[in-house]
Amino acid sequence: LRKCGVFVGCGQGDYHLLSKNLRTSAYGFTGGDNSILAARISYFLNLRCGTLFNHCIHACSSSLVAIANACDSLILGQSDLIAGREEFIVGVGSDMHVKTSQMGMLSPEGTCYTFDQLANGFVPGEGVGVVMLKRLENAKDIKTDILGVIQGVGYYTNDRRRPTESHSPNTESQSIRCIHTQVYDKYNID
Numbered sequence: 001l002r003k004c005g006v007f008v009g010c011g012q013g014d015y016h017l018l019s020k021n022l023r024t025s026a027y028g029f030t031g032g033d034n035s036i037l038a039a040r041i042s043y044f045l046n047l048r049c050g051t052l053f054n055h056c057i058h059a060c061s062s063s064l065v066a067i068a069n070a071c072d073s074l075i076l077g078q079s080d081l082i083a084g085r086e087e088f089i090v091g092v093g094s095d096m097h098v099k100t101s102q103m104g105m106l107s108p109e110g111t112c113y114t115f116d117q118l119a120n121g122f123v124p125g126e127g128v129g130v131v132m133l134k135r136l137e138n139a140k141d142i143k144t145d146i147l148g149v150i151q152g153v154g155y156y157t158n159d160r161r162r163p164t165e166s167h168s169p170n171t172e173s174q175s176i177r178c179i180h181t182q183v184y185d186k187y188n189i190d
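This is how it looks when you write it as structure tokens:
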């Protein structure tokens, strides 16, 4: 029996703002709570064995944290195949827009310039991305089309800063330097 892990990274959506006027039911919890998302996906796909992982804390980086944990699960033999999912759903209510606008986090042009000198904020939206991961030797054994190889994973959290400082350029550059040391050096990545 193959062990298929389900690893989920998700941002906190704001559907709950719309659902305040809806009738309360048990399905409101099981259908709308992110804490059991991996279990719901596993149940729907009839996966009987493997690792379940939900990560809904790191907001935009939740998918990367989920992938790092998925890679660890493959390395440790807890899973043979990984079904990963990232969900970032915002824009239903105005609460998130007001808060992120007040912090200066939104792009004034309404355009994301990811990894570019022009980057000046993000644009809220909806999206789901799914990846399948397996050990390289297993992918080669069954002649799977290999679209990419993850050479090493890691992430860095600086919990000692005040939340308002977490988006400052200085904090971001410190985080990037720490990740560079932690991951690039460990896995000999140029």
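Residue numbering for the sequence shown follows UniProt numbering, starting at 1 and increasing by one per position.
Using N, Cα and C, we set each Cβ at its ideal position, and we do this for glycine too.
These figures come from a predicted structure and were not determined experimentally.
Residue from the options with nearest C-alpha to residue i
{"i": "Val6", "options": "Asn54, Gly32, Asp33, Ser35", "result": "Asn54"}
{"i": "Thr144", "options": "Leu136, Gln151, Ile150", "result": "Leu136"}
{"i": "Ala68", "options": "Asp190, Ile176, Lys3, Val183", "result": "Val183"}
{"i": "Gly148", "options": "Ile142, Asp116, Lys134, Tyr155", "result": "Lys134"}
{"i": "Asn188", "options": "Ser175, Ile150, Gln174, Gly32", "result": "Ile150"}
{"i": "Tyr155", "options": "Ile75, Pro108, Phe44, Ser61", "result": "Ser61"}
{"i": "Arg2", "options": "Asn34, Asp33, Leu47", "result": "Leu47"}
{"i": "Cys4", "options": "Asp33, Gly32, Asn34, Ser42", "result": "Ser42"}
{"i": "Val128", "options": "Tyr27, Ser63, Arg23", "result": "Ser63"}
Backbone CA spacing between residue i and residue j [nearest angstrom]
{"i": "Met96", "j": "Glu126", "result": "13 Å"}
{"i": "Val98", "j": "Cys10", "result": "20 Å"}
{"i": "Val92", "j": "Pro124", "result": "Any answer about Val92 is weak, because its pLDDT of 48 lies below 50 and its placement is not dependable; what the coordinates show is given next. One C-alpha to the other measures close to 10 Å."}
{"i": "Thr164", "j": "Ala139", "result": "Residue placement at Thr164 is poorly supported in this model, since its pLDDT is 46, which falls under 50; the coordinates are not used for a value here."}
{"i": "Asn29", "j": "Val130", "result": "For the record, residue 29 in the displayed sequence is Phe; it is not Asn. About 24 Å."}
{"i": "Val153", "j": "Cys178", "result": "13 Å"}
{"i": "Lys186", "j": "Asn120", "result": "31 Å"}
{"i": "residue 196", "j": "Asp190", "result": "An answer regarding residue 196 cannot be provided, because it is not within the stretch 1 to 190 covered by the chain."}
{"i": "Gln117", "j": "Ile142", "result": "42 Å"}
{"i": "residue 193", "j": "Val65", "result": "Because the chain here runs from 1 to 190, residue 193 falls outside it and cannot be looked at."}
{"i": "Tyr113", "j": "Asp72", "result": "31 Å"}
{"i": "Ser175", "j": "Ala70", "result": "22 Å"}
{"i": "Asp33", "j": "Ala39", "result": "11 Å"}
{"i": "Gly77", "j": "Ser101", "result": "44 Å"}
{"i": "Ser35", "j": "Arg23", "result": "21 Å"}
{"i": "Ile146", "j": "Gly31", "result": "34 Å"}
{"i": "Leu74", "j": "Tyr27", "result": "33 Å"}
Rounded distance between the beta-carbons of residue j and residue i, thought under 8 Å
{"i": "Ser25", "j": "Gly50", "result": "Incorrect: roughly 30 Å between the Cβ atoms, too far for contact."}
{"i": "Phe122", "j": "Met105", "result": "6 Å"}
{"i": "residue 191", "j": "Met132", "result": "Any property of residue 191 remains undetermined from this structure, which presents the chain solely from 1 to 190."}
{"i": "Val8", "j": "Leu37", "result": "5 Å"}
Any C-beta of chain D under 8 Å from that of residue i
{"i": "Gly121", "result": "Annotation note: the requested chain D is absent from the structure, which comprises a single protein chain."}
- Just list the beta strand (DSSP E) runs in the segment 74-138, keeping only unbroken ones of 3 residues or longer that don't cross its boundaries, in chain order. 81-89, 126-134
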